[in-house]
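Peer 1: A single structure is presented below for examination.
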Amino acid sequence: MQPIDEEKLGLFLKQTSGMVAASFNCAITVLGDRLGLYRALAEIGPCDSQSLADYLNLHERWVREWLHQQTCIGQLEYSAELELFSISAEAHAVLADAENPAYLMGGFDSALAVFPAVSKLEEAFRTGIGMSYDDHGPSCACGIERMGAFTKKHRLVTEMIPEIPGMHQRLTDGASVADVGCGGGLATIALGQAYPRSTFVGYDTSEEALARARANLAEAGVTNVRLCNPLTEPLPRTATFDLITTFDVIHDTPYPQDLIEQIFAALRGDGYWLCEDIKGFESFADNLAQHPVAALLYGFSVTVCMNSGLSTADGAGLGTLGFTEQLAREMTARSGFKDFQLLNIENPMNNYYLLNK
Numbered sequence: 339m340q341p342i343d344e345e346k347l348g349l350f351l352k353q354t355s356g357m358v359a360a361s362f363n364c365a366i367t368v369l370g371d372r373l374g375l376y377r378a379l380a381e382i383g384p385c386d387s388q389s390l391a392d393y394l395n396l397h398e399r400w401v402r403e404w405l406h407q408q409t410c411i412g413q414l415e416y417s418a419e420l421e422l423f424s425i426s427a428e429a430h431a432v433l434a435d436a437e438n439p440a441y442l443m444g445g446f447d448s449a450l451a452v453f454p455a456v457s458k459l460e461e462a463f464r465t466g467i468g469m470s471y472d473d474h475g476p477s478c479a480c481g482i483e484r485m486g487a488f489t490k491k492h493r494l495v496t497e498m499i500p501e502i503p504g505m506h507q508r509l510t511d512g513a514s515v516a517d518v519g520c521g522g523g524l525a526t527i528a529l530g531q532a533y534p535r536s537t538f539v540g541y542d543t544s545e546e547a548l549a550r551a552r553a554n555l556a557e558a559g560v561t562n563v564r565l566c567n568p569l570t571e572p573l574p575r576t577a578t579f580d581l582i583t584t585f586d587v588i589h590d591t592p593y594p595q596d597l598i599e600q601i602f603a604a605l606r607g608d609g610y611w612l613c614e615d616i617k618g619f620e621s622f623a624d625n626l627a628q629h630p631v632a633a634l635l636y637g638f639s640v641t642v643c644m645n646s647g648l649s650t651a652d653g654a655g656l657g658t659l660g661f662t663e664q665l666a667r668e669m670t671a672r673s674g675f676k677d678f679q680l681l682n683i684e685n686p687m688n689n690y691y692l693l694n695k
């Protein structure tokens with residue numbers, strides 16, 4: 339060890355204290371969401387803590403300290419002259435507007451949900467065996483659902499289905515579709531609403547996710563969608579579906595090659611598989627140098643994605659950034675897929691692959 343450089347030590351302490359502050363902020367931001375504080379700030383405009391507390395029937399002292407923390411972390415704005423707090427349009431988009439593509443509250447939900455898993459993760463480092471999604475409880479499933487909601491609700495039908503040759507007409511006429519790893523069922527429901535003559539099956543091994551999906555399905559009132567757990571009702575082994583979709587699923591599963599082979603078997607000869615997965619570079623060095631949110635994704639991997647991929651003794655453990663385009667091409671070709679396309683769908687976090695036999 340070289341002698342400590344006091345200037346570098348000070349910079350490192352500043353950086354690390356910011357990380358600790360960010361960890362506290364996950365919990366405090368989720369509180370703001372659950373209590374409606376961000377939405378209230380947008381509705382009433384610049385205000386003091388008493389006005390905000392009165393508007394939501396909350397205790398002023400707690401609201402005041404929350405406002406102080408949120409302003410210091412940089413998520414709210416403060417006018418020293420007027421002594422008023424406010425939320426910017428940009429912060430509102432990220433923290434409060436679920437219909438905005440920049441909405442990231444699900445990320446805070448997911449981060450908070452995995453905090454209790456630290457003791458289990460400590461054991462995972464020793465045994466190699468990680469945690470399933472259900473081991474994290476319902477909050478993790480909810481957070482992940484919220485993170486991917488915009489694309490599934492607003493882009494899948496209007497932007498992605500038109501990229502699949504002839505699929506809009508097939509779905510309009512009546513087709514059979516599976517959403518594998520359906521999570522909260524948002525994609526399955528969006529497709530079911532758009533194409534009432536088609537039938538849809540949402541598969542997920544997480545009972546917490548399926549509970550969310552059942553609730554969402556009941557609320558939507560869609561009747562051409564059903565949900566099942568492939569551990570009790572596997573994908574059919576014969577060519578059944580005109581379209582199969584997976585949204586950020588392959589890198590999570592302990593057995594990605596097996597799942598790809600199951601998808602291949604269940605797809606009709608003229609069917610298509612639309613695969614969304616995390617966008618990354620082919621090496622860690624490139625992710626370190628070029629990926630703008632590599633730290634976020636590797637953090638998510640240790641706590642959630644790779645954790646799931648290693649939840650069995652022989653799990654692949656690909657990790658959040660592990661299913662690269664090159665690996666996707668190799669694994670799908672190994673399973674029998676002959677046509678692999680990288681679709682021109684802009685998304686800062688995801689690639690979209692279209693495959694057929």
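With our numbering applied, the sequence shown covers 339 to 695. Cβ atoms here follow ideal geometry from the backbone N, Cα and C, with glycine treated the same way.
CA-CA distance, ILE527 and LEU680?
Peer 2: 25 Å
Peer 1: Let me confirm a value: GLN408 is counted as buried when at least 16 other C-beta atoms fall within 10 Å, else exposed. Which label applies?
Peer 2: buried
Peer 1: What does the alpha-carbon distance come out to for the pair TYR636 and ASP511?
Peer 2: Across the structure, TYR636 and ASP511 are spaced so that their CA atoms are roughly 43 Å apart.
Peer 1: Under 8 Å, do SER536 and VAL515 count as touching if we go by C-beta distance?
Peer 2: yes
Peer 1: Tell me which same chain residues have a C-beta within less than 7 Å of the C-beta of TYR533, skipping the five on either side of it?
Peer 2: LEU509, THR510
Peer 1: According to the neighbour-count rule (16 or more other Cβ atoms, all chains shown, within 10 Å of its Cβ), is LYS490 buried or exposed?
Peer 2: buried
Peer 1: For ASN625, which residues from the same chain have a beta carbon less than 7 Å from its beta carbon, with the 5 sequence-adjacent residues on both sides left out?
Peer 2: GLY618, PHE619, ALA632, LEU659
Peer 1: Could you tell me if PRO439 is buried or exposed, where buried requires 16 or more neighbouring beta carbons within 10 angstroms of its beta carbon?
Peer 2: exposed
Peer 1: Going along the chain, which residues of its own chain have a beta-carbon closer than 8 Å to the beta-carbon of GLN664, five neighbours each way excluded?
Peer 2: GLU620
Peer 1: Classify GLU571 as buried or exposed, calling it buried when 16 or more other Cβ atoms lie within 10 Å of its own Cβ.
Peer 2: The residue in question, GLU571, is exposed, as its Cβ has fewer than 16 Cβ neighbours within 10 Å.
Peer 1: Once you ignore the five residues that flank GLY704 on each side, which residues in its own chain have a CB closer than 8 Å to its CB?
Peer 2: Because the chain in this structure spans residues 339 to 695, residue 704 falls outside the shown range and cannot be described.
Peer 1: Quick one: grab the DSSP three-state call for GLN679.
Peer 2: strand
Peer 1: What are the boundary residues of the beta strand (DSSP E) that THR537 is part of?
Peer 2: Taken as a continuous stretch (DSSP letters only), the beta strand (DSSP E) holding THR537 covers 537-541.
Peer 1: For ASP343, count the other beta carbons within 10 Å of its own beta carbon; 16 or more makes it buried, fewer makes it exposed. Which is it?
Peer 2: exposed
Peer 1: Considering just the uninterrupted stretch of the beta strand (DSSP E) at CYS566, what are its terminal residues?
Peer 2: 563-566
Peer 1: With 16 other CB atoms within 10 Å as the buried threshold, where does GLY466 fall?
Peer 2: exposed
Peer 1: In whole angstroms, what is the alpha-carbon distance linking TYR441 and GLN340?
Peer 2: 44 Å
Peer 1: LEU657 and MET669 look like a contact to me (Cβ under 8 Å); what is the Cβ gap, rounded to whole Å?
Peer 2: Inspection of the sequence shows that residue 657 is occupied by Gly rather than by Leu. About 15 Å; that fails the 8 Å criterion.
Peer 1: Helix, strand or coil, according to DSSP, for LEU349 in the structure here?
Peer 2: helix
Peer 1: Between SER424 and the rest of its own chain, which residues show a CB-CB distance below 6 Å, the 5 nearest in sequence each way excluded?
Peer 2: Only residues of its own chain outside the window of five on either side were considered, and among them PRO384, GLU415 have a CB closer than 6 Å to the CB of SER424, listed in chain order.
Peer 1: Since LEU597 contacts ILE588 with CB under 8 Å, what's their CB separation in whole angstroms?
Peer 2: That belief holds up - the Cβ atoms of LEU597 and ILE588 are roughly 7 Å apart, short of 8 Å.
Peer 1: Could you work out which residue in TYR593, HIS406, LEU524 is closest to VAL560 when comparing CA atoms only?
Peer 2: Answer by Cα proximity: LEU524.
Peer 1: Helix, strand or coil, according to DSSP, for ASN625 in the structure here?
Peer 2: helix
Peer 1: Using only CA atoms, which one of TRP400, PRO592, GLN628 lies nearest to PHE661?
Peer 2: PRO592
Peer 1: For the structure I just gave you, are there three or more beta carbon pairs, one from the segment 539-557 and one from the segment 467-477, closer than 8 Å?
Peer 2: yes
Peer 1: What does the alpha-carbon distance come out to for the pair GLN507 and TYR691?
Peer 2: Cα to Cα, GLN507 sits roughly 20 Å from TYR691.
Peer 1: Looking at GLY674 and PHE585, is the spacing between their C-beta atoms short of 8 Å?
Peer 2: no
Peer 1: In three-state DSSP terms, what is THR584?
Peer 2: strand
Peer 1: Measuring CB to CB, does ALA654 end up less than 8 Å from PRO594?
Peer 2: yes
Peer 1: When the distance is taken between beta carbons, is TYR376 closer than 8 Å to LEU433?
Peer 2: Judged by their CB atoms, LEU433 and TYR376 are nearer to each other than the 8 Å cut-off.
Peer 1: In the DSSP assignment, find the unbroken beta strand (DSSP E) run with TYR441 in it and report its ends.
Peer 2: Boundaries for TYR441: no beta strand (DSSP E) harbours it, and the DSSP string shows neither H nor E there.
Peer 1: Can you say whether CYS613 is buried or exposed, counting buried as having 16 or more other CB atoms within 10 angstroms of its CB?
Peer 2: buried
Peer 1: Here's the rule: buried if 16 or more other CB atoms are within 10 angstroms of the residue's CB, otherwise exposed. What is PHE622?
Peer 2: exposed
Peer 1: Compute the Euclidean distance between the alpha carbons of PHE362 and ASP677, then round it to the nearest angstrom.
Peer 2: PHE362 and ASP677: Cα-Cα distance of roughly 47 Å.
Peer 1: Alpha carbon to alpha carbon, how far is ASP517 from VAL358?
Peer 2: Taking the straight line from one Cα to the other gives about 38 Å.
Peer 1: When you compare only the Cα positions, how much space is there between GLY486 and GLN628?
Peer 2: 23 Å
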